[in-house]
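In the numbering used here, the protein residues as written are 20 to 100.
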């Protein structure tokens, strides 16, 4: 998901990020479980993460947090080893 976030500004980046987030959601128990954790209706979440979705920042924040991913992890580079 980090790679998709890094490429968000490139052409097709938004769709790639939503696809990566959908994969994370599925790995975390599926759409219904994550929607419940995020306190977002399942229908709204499906619509937001669809290939042509246009989620609000509130929905994206709730879904990302519900998957256990921290925004800090997406926005900061890992320390060099």
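Beta carbons are placed, not taken as given, at the ideal position from N, Cα and C, and that holds for glycine.
Remember, it's a predicted structure, so these values are computed and weren't measured experimentally.
- Item | Cα-Cα separation, residue 77 to residue 84 | Taking the first residue of the chain shown as position 1, residue 77 is located at position 58. Taking the first residue of the chain shown as position 1, residue 84 is located at position 65. Roughly 11 Å between the two C-alpha positions.
- Query: Exposed or buried, what is residue 86 when buried is set at 16 or more other beta-carbons lying within 10 Å of its beta-carbon?
  - Reply: The residue labelled residue 86 in the question sits at position 67 within the chain shown. Flag for residue 86 reads buried.
- Reduced DSSP category for residue 32 - H, G, I as helix; E, B as strand; rest coil: Counting from one through the chain shown, the residue named residue 32 turns up at place 13. It is helical.
- DSSP state of residue 20, grouped into three classes? The residue labelled residue 20 in the question sits at position 1 within the chain shown. Coil at residue 20, not helix or strand.
- Local conformation of residue 37 per DSSP, three classes: As a working note, residue 37 is residue 18 in the chain shown. Of the three classes helix, strand and coil, the one that applies to residue 37 here is helix, per DSSP.
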